[in-house]
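Contents: one structure, followed by commentary.
Protein chains: 2
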Amino acid sequence: MAELRKDPVSDRWVIISTERGKRPTDFGSVSVADEAGESKSCPFCEGNEAKTPYEILAWRKPGTLSNSAGWEVRVIPNKFPALQIEGEVNRQGSGVFDMMSGIGAHEVIIESPRHNVNLPDMEDEQIDRVLWAYKQRILDLEKDKRFRYILVFKNYGKAAGASLSHPHSQLIATPITPRYVKMELTKSREYFLEKERCIFCDIIRQELGEFTRVVYEQEFFVALTPYASRFPFEIWILPRRHEFGFQIMPDERRMLLARCIKEVLKRLKKTLNDPPYNFVLHTAPNPVTRPGKPHYWGTIQYDYHWHIEIIPRLTSIAGFEWGSGLYINPTAPEEAAKYLREIEI
Amino acid sequence: MAELRKDPVSDRWVIISTERGKRPTDFGSVSVADEAGESKSCPFCEGNEAKTPYEILAWRKPGTLSNSAGWEVRVIPNKFPALQIEGEVNRQGSGVFDMMSGIGAHEVIIESPRHNVNLPDMEDEQIDRVLWAYKQRILDLEKDKRFRYILVFKNYGKAAGASLSHPHSQLIATPITPRYVKMELTKSREYFLEKERCIFCDIIRQELGEFTRVVYEQEFFVALTPYASRFPFEIWILPRRHEFGFQIMPDERRMLLARCIKEVLKRLKKTLNDPPYNFVLHTAPNPVTRPGKPHYWGTIQYDYHWHIEIIPRLTSIAGFEWGSGLYINPTAPEEAAKYLREIEI
Chain A
1 MAELRKDPVS
11 DRWVIISTER
21 GKRPTDFGSV
31 SVADEAGESK
41 SCPFCEGNEA
51 KTPYEILAWR
61 KPGTLSNSAG
71 WEVRVIPNKF
81 PALQIEGEVN
91 RQGSGVFDMM
101 SGIGAHEVII
111 ESPRHNVNLP
121 DMEDEQIDRV
131 LWAYKQRILD
141 LEKDKRFRYI
151 LVFKNYGKAA
161 GASLSHPHSQ
171 LIATPITPRY
181 VKMELTKSRE
191 YFLEKERCIF
201 CDIIRQELGE
211 FTRVVYEQEF
221 FVALTPYASR
231 FPFEIWILPR
241 RHEFGFQIMP
251 DERRMLLARC
261 IKEVLKRLKK
271 TLNDPPYNFV
281 LHTAPNPVTR
291 PGKPHYWGTI
301 QYDYHWHIEI
311 IPRLTSIAGF
321 EWGSGLYINP
331 TAPEEAAKYL
341 REIEI
Chain B
1 MAELRKDPVS
11 DRWVIISTER
21 GKRPTDFGSV
31 SVADEAGESK
41 SCPFCEGNEA
51 KTPYEILAWR
61 KPGTLSNSAG
71 WEVRVIPNKF
81 PALQIEGEVN
91 RQGSGVFDMM
101 SGIGAHEVII
111 ESPRHNVNLP
121 DMEDEQIDRV
131 LWAYKQRILD
141 LEKDKRFRYI
151 LVFKNYGKAA
161 GASLSHPHSQ
171 LIATPITPRY
181 VKMELTKSRE
191 YFLEKERCIF
201 CDIIRQELGE
211 FTRVVYEQEF
221 FVALTPYASR
231 FPFEIWILPR
241 RHEFGFQIMP
251 DERRMLLARC
261 IKEVLKRLKK
271 TLNDPPYNFV
281 LHTAPNPVTR
291 PGKPHYWGTI
301 QYDYHWHIEI
311 IPRLTSIAGF
321 EWGSGLYINP
331 TAPEEAAKYL
341 REIEI
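In order, the protein sequence lines correspond to chains A and B.
Going by our numbering, 107 is the number at position 107 of the first sequence; the sequence numbering is gapless.
Going by our numbering, 247 is the number at position 247 of the second sequence; the sequence numbering is gapless.
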């Protein structure tokens, strides 16, 4: 029989519809590999640096110049930003409505100079450099007092919203905290105040004990399909020990995370024939600053537990979900985890 | 410049990205008319009643028999239900997780015996019969103490999740209240407790005053593009006077609603070349019952204000939105309303 399950962090109920029980081969999704296209005209390819805005950050070979060849990872402003970097955040009311000016940063992290090598096929070192770039950009942007949150995400494949096939992630710095992260922050705080334990730590402990939804584990990280997965083959990667922010993770652990991401994405690719997916980093919000106070004066949300959420884009049936917020997931997370765990890579 | 706007009911921030300013012709969406397909094998067509489960309700010509020809609107159980009608709602905990059995109703409202006539092209009387069926089914199902909410919705076009092209809506009765409705209920209650006014009534008053986001108005109903629209050409239809539930609306007003729905969908169809859309009825939840108490004992949420939300499915760019809950809308609602208001139909 179908089950209704509640995600303990977001308090979101989901219908796990096992009757419809969809297996990996039941999703007729396009393999992203077929979308690769040409690299000659690609603005993200090495040698085409003049086609992009000036770089903000790059991992470069010694002696190479900015905005020229010789980089491994390169961060540039998005040419068509959703938010604009210059200006003040004017908060205004208008009757019942609230608004603020669309101030923020919108950047692109080019993950490789090569056009056709995606995360699961990169060297661990290369993924580590991508994570290094995430960290540097978060640490830099969170100093900007206008911003509340730095959201790092990746759209892989056209169906996931990628307009260019060259491997890249994006980040958006916003003057507000995105809704789902905020719900998690609120719940983490409430749970901690009540129990003096982290809700994510409790979930991880239970998941490792039951081991029905674990996809992959190593000393510092665990990947699992969440109990109340909204989407088939949804995966979360979490640090096993409590840590509120990705950006404060010690550098020496980054390589282990790189390995975990690679392992998980390799499994996902093999199991579902290179599906499109979205990848979102959920980390603690920027420390709140106050005029005249040092940067780290405000509330740091120590009770949060950062993680990465991966959502394969397999179903377009999200019909009334958009209007109601009630999701129907045709693949039980236990099934998904089993497929992902047992596939040979 | 782009703007961040907050929806006062859901407290959801949205980025209205006017730089990207998309006009109706910029959306390369498929016209649903091209999907119609064959009617011969369609289980929803008149004459094919034997191909469906037994009917629950029908608007029939006098003297015709159940499950035979002679109906105008017909309600049947969904052949592939997301939730199952028989059984008890077992609520259980398992460590940090909560679940309940997947009990509920999942029904299909066939809106017409004809295969190719959709809502905007129906007679007013036919739309009125569809709304009559919604009402009858809600009133019947809300007596079932296992259910908290009856969600009526419509997926129009494949991109919106419709698997059959014959005009139909659906309803799902659930043992929980869907998330977005719940958020609205909570906010309506808080707002009312603070101000002794309905938040939706305040919005309607302001919208009719400003008249920049109004699509259509008549004596009892108004259609508008919400201030913090998540999606391009999102439209809400609301009763102008306070009313907590669709199901308690006096019958004589239903024809006016039918006319309003027709008018709005006609405008949407013409402006965007017959786009796919989702349509969700947000009404007050079922009255809470307690053992030994009469049915209407519990809390009826008088401070809610029912409405219909229409979401055209124009963009598949909802990439990181799924992971963050932060929406980027490339069409300002004022622009959308202007197009919808000024189109000749």
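Ideal placement from N, C-alpha and C gives every residue a C-beta, glycine not left out.
None of these values were measured; they are calculated from a predicted model.
Might you give, ordered along the chain, the residues of its own chain that have their beta carbon closer than 8 angstroms to the beta carbon of residue i, omitting 5 neighbours on each side?
i         : result
Lys6(B)   : Arg12, Trp13, Val14 and Ala228
Glu243(A) : Met249, His305 and Trp306
Ser169(A) : Val108, Ile109, Glu111, Val130, Tyr134, Val152, Phe153, Lys154 and Phe279
Could you tell me whether the Cβ of residue i comes closer than 8 angstroms to any Cβ of chain B?
i         : result
Thr186(A) : no
Ser17(A)  : yes
Val32(A)  : no
Ser68(A)  : no
Tyr304(A) : no
Tyr180(A) : yes
Pro350(A) : The question about residue 350(A) has no answer here: the residues shown for chain A are numbered 1 through 345.
Leu193(A) : no
From what residue to what residue does the alpha helix (DSSP H) around residue i run?
i         : result
Ser94(B)  : Not the alpha helix (DSSP H): Ser94(B) falls in the beta strand (DSSP E), residues Arg91 to Ser94.
Glu309(A) : Taken as a continuous stretch (DSSP letters only), Glu309(A) belongs to no alpha helix (DSSP H), being part of the beta strand (DSSP E) at His307 to Pro312.
Arg179(B) : Arg179 to Lys195
Leu65(B)  : Taken as a continuous stretch (DSSP letters only), Leu65(B) belongs to no alpha helix (DSSP H), as it is neither H nor E.
Ile138(B) : Asp124 to Leu141
Leu4(B)   : Note, Leu4(B): premise wrong, no alpha helix (DSSP H); beta strand (DSSP E) at Glu3 to Lys6.
Nearest-angstrom Cα distance between residue i and residue j?
i         : j         : result
Glu123(A) : Glu72(A)  : 12 angstroms
Ser17(B)  : Thr177(A) : 18 angstroms
Tyr277(A) : Tyr156(A) : 5 angstroms
Glu46(A)  : Leu131(A) : 20 angstroms
Asn78(A)  : Pro53(B)  : 53 angstroms
Arg346(B) : Gly104(B) : Past the boundaries of the shown model lies residue 346(B); chain B is included only from 1 to 345, so the question cannot be answered.
Arg60(A)  : Tyr134(A) : 16 angstroms
Arg91(B)  : Pro8(A)   : 15 angstroms
Arg230(A) : Cys201(B) : 33 angstroms
Lys187(A) : Ile204(A) : 16 angstroms
Ile237(A) : Ala258(B) : 49 angstroms
Leu272(A) : Phe233(A) : 9 angstroms
Ile235(A) : Tyr180(A) : 16 angstroms
Val214(A) : Glu207(A) : 7 angstroms
Ile199(A) : Ile311(B) : 35 angstroms
Using the rule of at least 16 other Cβ atoms within 10 Å of the residue's Cβ for burial, across every protein chain shown, is residue i buried or exposed?
i         : result
Gln126(B) : buried
Glu252(A) : exposed
Leu193(A) : exposed
Pro62(A)  : exposed
Ala336(B) : buried
Glu342(A) : exposed
Leu65(B)  : exposed
Glu88(B)  : exposed
Leu83(B)  : buried
Ser10(B)  : buried
Gly161(A) : buried
Asp274(B) : buried
Met99(A)  : buried
So, does the CB of residue i fall closer than 8 angstroms to a CB anywhere in chain D?
i         : result
Thr174(A) : Reference to chain D is not applicable here, since the protein chains of this structure are A and B.
Answer with yes or no whether the minimum CB distance from residue i to chain A is below 8 angstroms.
i         : result
Arg137(B) : no
Gln247(B) : no
Tyr227(B) : yes
Ile311(B) : yes
Ile199(B) : yes
Glu88(B)  : no
His295(B) : Because the pLDDT at His295(B) is just 47, under 50, the model does not fix this residue reliably, and the point stays unresolved.
Lys143(B) : no
Gln236(B) : Correcting the residue type first, residue 236(B) is Trp in the shown sequence and not Gln. For Trp236(B), the answer is no, since every Cβ of chain A falls outside 8 angstroms of its Cβ.
Leaving out five residues before and five after residue i in sequence, what residues of the same chain have Cβ atoms less than 7 angstroms from its Cβ?
i         : result
Lys266(B) : Pro120 and Ile345
Ser112(A) : Met122, Gln126 and Pro167
Lys270(A) : Ile343 and Ile345
Could you check where the beta strand (DSSP E) with residue i kicks off and where it finishes?
i         : result
Gln170(B) : His168 to Thr174
Arg60(A)  : Leu57 to Arg60
Glu111(A) : No beta strand (DSSP E) holds Glu111(A); DSSP gives it neither H nor E.
Arg74(B)  : Trp71 to Pro77
Tyr216(B) : Val214 to Glu217
Should residue i be counted as a contact of the ligand ZN given a C-beta to heavy atom distance under 7 angstroms?
i        : result
Gly63(B) : In terms of ligand content, the structure shown is empty, and the ligand ZN therefore cannot be addressed.
By Cβ distance below 6 angstroms, which residues in the same chain neighbour residue i in space, the five residues on each side in sequence not counted?
i         : result
Glu263(B) : Tyr216
Thr283(A) : Gly245, Phe246 and Trp306
His106(A) : Asn78, Pro81, Ala82, Leu83 and Ile172
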